[in-house]
Amino acid sequence: MPLEARSSGPLTGKARVPGDKSISHRALILGALAVGETRISGLLEGEDVLNTAKSMRMLGARVERTGEFAWSVQGVGVAGFAQPDVPLDFGNSGTGCRLVMGAVAGCPITAVFDGDASLRSRPMRRVLDPLERMGARVTAGGEGGRLPLTLAGAREPLPILYRTPVASAQIKSAVLLAGLAAPGVTTVIETEASRDHTELMLKHFGAEIVSTPEGSHGRRIALTGQPELHGANVVVPADPSSAAFPLVAALIVEGSDIVLPDVMTNPLRTGLFTTLREMGASIEESHARGDAGEPMAQLRVRASRLHGVEVPPERAPSMIDEYLVLAVAAAFAEGTTIMRGLQELRVKESDRLEATAAMLRVNGVKVEISGDDLIVEGRGHVEGDGLVATHMDHRIAMSGLVMGLASDKPVKVDDTAFIATSFPDFIPMMRALGAEFS
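The end of the sequence shown is residue 438 by this note's numbering, with every number in the run present.
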């Protein structure tokens, strides 16, 4: 599904981006591990989240769509999953797969985990190592713990103290979800704090969990095991990672002025907003509110003259999915932007560090990779006229299309099919704001 983006007039209007993917996954999983009914509104109905919903059904929970973006989950309780009859297929979703591995690891069942070609190529060993310490076993799998693999959950899961090797919400969340079934206290220590959605939602569902500072940038999270989680209502805020695309488009397309309501403003997810403001972006917040511990606000975004900045490595966990579209903003800025400490981009849906550099180069932008740093030489405009190779990565596809809306010549993206995994309505929503795609 190739698509071309060309320079458009100003982007204007109001648009609600999809529900946050991280919250949507966790609401389904914790709803399935709770006793009673969980009602979810604003759920992201992209392929990634729908695959998690299917997996919860196959593990014994009752999961039903009750209206537009509205879902009901009847849970089975902690460690209550039933053994699935067929493999759990997560498609393109590393988050869904790794979190459900954690939830299954604390149950006395065996499940096969699988996904598409992209997910089969991604490493799982970092998640499997602590789960095996807790008593789970991998009985079959590809090299380096790659999918498809068979995971046998622990019959008597053990609480552990685990220091994460990198700042990863997926590793932390998998350990905590497995720790729900273990007696005693499971503790995760992070040197750099990753997004804390799992901790906030566990508390919302009734778990006893305490998070305290550890060192200068880290956290120590202690979960008391074997709680009885209770069903809860969850309002899913708009996804800041999805909002990043119309937001950056509005900043770089001259004369634009758009409004994005109910965008999550959790400080562990807003590194992009902080960075863009440092670059001179006009992003105003209003109508602040919260649900299940997650803050949200309405954003008004207006076209801005941007300048290059240096992004520190400690900011990476709060914006790891947004560096691709930040690189697009940097290409339209005046001066050099240096993004440091991006090693995690190499193990996403694709090698996003190399793919981002290639996307910029093919459209005339001077860019360099130095170790794990990305250096973009902004000249205030982008030539365009390139073909962006997406490598089955939804964020590369959307970033390429955003770039084409303000470039001198059109930008073509080789395949937009994977956009549906996270942002099914991206193309019609952008067209409604004034974007020109063909």
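Every residue, glycine too, gets a C-beta built ideally from N, C-alpha and C.
The alpha helix (DSSP H) enclosing Lys21, as first and last residue numbers: Position 21 of the sequence shown holds residue 21. Looking at the DSSP string, the run of the alpha helix (DSSP H) that includes Lys21 is Lys21 to Leu33.
Between Gln74 and the rest of its own chain, which residues show a CB-CB distance below 6 angstroms, the 5 nearest in sequence each way excluded? Position 74 of the sequence shown, counted from the first residue, corresponds to residue 74. Here the set comprises Glu37 and Arg62.
Whether Arg346 touches Leu353 by CB criterion (7 angstroms): Counted from its first residue, the sequence shown places residue 346 at position 346. Counted from its first residue, the sequence shown places residue 353 at position 353. Contact: yes.
Go through its chain and collect everything with a Cβ distance to Arg269's Cβ below 7 angstroms, but skip five positions before and after it. As a first step, residue 269 must be located in the sequence shown, where it is residue number 269. Around Arg269: Arg195, Pro240 and Ser318.
How many whole angstroms separate the CB atoms of Thr12 and Ile258, which I take to be in contact at a CB cut-off of 8 angstroms? Within the sequence shown, the letter at position 12 stands for residue 12. Within the sequence shown, the letter at position 258 stands for residue 258. Contact holds; Cβ gap of about 6 angstroms.
Suppose only complete runs of 4+ residues qualify. What are the alpha helix (DSSP H) ranges in the region 288-375, listed by chain order? 323-332 and 352-361
By alpha-carbon positions, which one of Arg6, Ser282, Phe90 and Gly179 ends up nearest to Gly102? Within the sequence shown, residue 102 is the residue found at index 102, counting from 1. The residue with the shortest Cα to Cα distance from Gly102 is Gly179.
Between which two residues does the alpha helix (DSSP H) holding Met1 run? What you label residue 1 is simply residue 1 of the sequence shown in a count that begins at 1. It is not in any alpha helix (DSSP H) - Met1 carries neither H nor E in the DSSP assignment.
Closest to Arg395 by CA distance: which of Gly280, Ser121, Arg6 and Val325 is it? One-based indexing of the sequence shown puts residue 395 at position 395. The shortest Cα separation from Arg395 among Gly280, Ser121, Arg6 and Val325 belongs to Val325.
Under 7 angstroms between the Cβ atoms of Val376 and Ala327? Within the sequence shown, residue 376 is the residue found at index 376, counting from 1. Within the sequence shown, residue 327 is the residue found at index 327, counting from 1. Taking 7 angstroms as the Cβ cut-off, Val376 and Ala327 qualify as a contacting pair.
Leu50 versus Met359: straight-line alpha-carbon distance, rounded: Sequence index remark: in the sequence shown, residue 50 carries index 50 (1-based). Sequence index remark: in the sequence shown, residue 359 carries index 359 (1-based). Roughly 29 angstroms separates the two Cα atoms.
Quick one: is Asp85 buried, meaning 16 or more other Cβ sit within 10 Å of its Cβ, or exposed? Start at 1 with the first residue of the sequence shown, and residue 85 comes out as number 85. The residue is exposed, with fewer than 16 neighbouring Cβ atoms inside 10 Å.
Looking at Val253: is its Cβ nearer than 7 angstroms to the Cβ of Leu405? The residue given as residue 253 occupies position 253 in the sequence shown. The residue given as residue 405 occupies position 405 in the sequence shown. Taking 7 angstroms as the Cβ cut-off, Val253 and Leu405 qualify as a contacting pair.
Using the C-alpha atoms, what's the distance from Lys203 back to Gln83? Along the sequence shown, read from residue 1 onward, the residue named residue 83 stands at position 83. Along the sequence shown, read from residue 1 onward, the residue named residue 203 stands at position 203. Cα to Cα, Gln83 sits roughly 27 angstroms from Lys203.
With C-beta atoms as the reference, is Ala250 less than 7 angstroms away from Val301? The sequence position of residue 250 within the sequence shown is 250, counting from 1. The sequence position of residue 301 within the sequence shown is 301, counting from 1. In contact: Ala250 and Val301 (Cβ atoms closer than 7 angstroms).
Nearest residue (CA-CA) to Ala136, options Ala111, Glu228, Arg220 and Gly144: The count along the sequence shown starts at 1 and reaches residue 136 at position 136. Minimum Cα distance to Ala136 is reached at Ala111.
Buried or exposed: Arg125, going by 16 or more other Cβ atoms within 10 Å of its Cβ? Translated into positions along the sequence shown, residue 125 becomes position 125. Arg125 is exposed by the Cβ-count criterion.
Under DSSP, the beta strand (DSSP E) around Gly13 begins and ends at which residues? Taking the first residue of the sequence shown as position 1, residue 13 is located at position 13. Start and end: Thr12 to Lys14.
Going by beta-carbon coordinates alone, are Met339 and Val309 separated by less than 7 angstroms? For the purposes of this step, residue 339 is identified with residue 339 of the sequence shown, where counting begins at 1. For the purposes of this step, residue 309 is identified with residue 309 of the sequence shown, where counting begins at 1. It is not a contact, given that the beta carbons lie outside the stated cut-off.
Can the beta-carbon of Gly153 be found less than 7 angstroms from the beta-carbon of Gly184? Along the sequence shown, read from residue 1 onward, the residue named residue 153 stands at position 153. Along the sequence shown, read from residue 1 onward, the residue named residue 184 stands at position 184. The answer is no: Cβ separation not under 7 angstroms.
Inter-residue Cα distance where the pair is Ala330 and Ser407: By one-based count along the sequence shown, residue 330 stands at place 330. By one-based count along the sequence shown, residue 407 stands at place 407. In a straight line, the C-alpha of Ala330 is about 13 angstroms away from that of Ser407.
Mind checking His287: buried by the 16 CB within 10 Å criterion, or exposed? Position 287 of the sequence shown, counted from the first residue, corresponds to residue 287. Looking at its Cβ environment, which holds fewer than 16 other Cβ atoms inside 10 Å, His287 is exposed.
Quick one: Cα of Arg220 to Cα of Gly380, how far? Taking the first residue of the sequence shown as 1, we reach residue 220 at position 220. Taking the first residue of the sequence shown as 1, we reach residue 380 at position 380. Approximately 43 angstroms, taken between the alpha carbons.
Alpha carbon to alpha carbon, how far is Arg133 from Pro18? The count along the sequence shown starts at 1 and reaches residue 133 at position 133. The count along the sequence shown starts at 1 and reaches residue 18 at position 18. About 37 angstroms.
Return the chain-ordered ranges of every beta strand (DSSP E) run that is complete within the region 72-159 and spans a minimum of 3 residues. 110-114, 137-140 and 149-152
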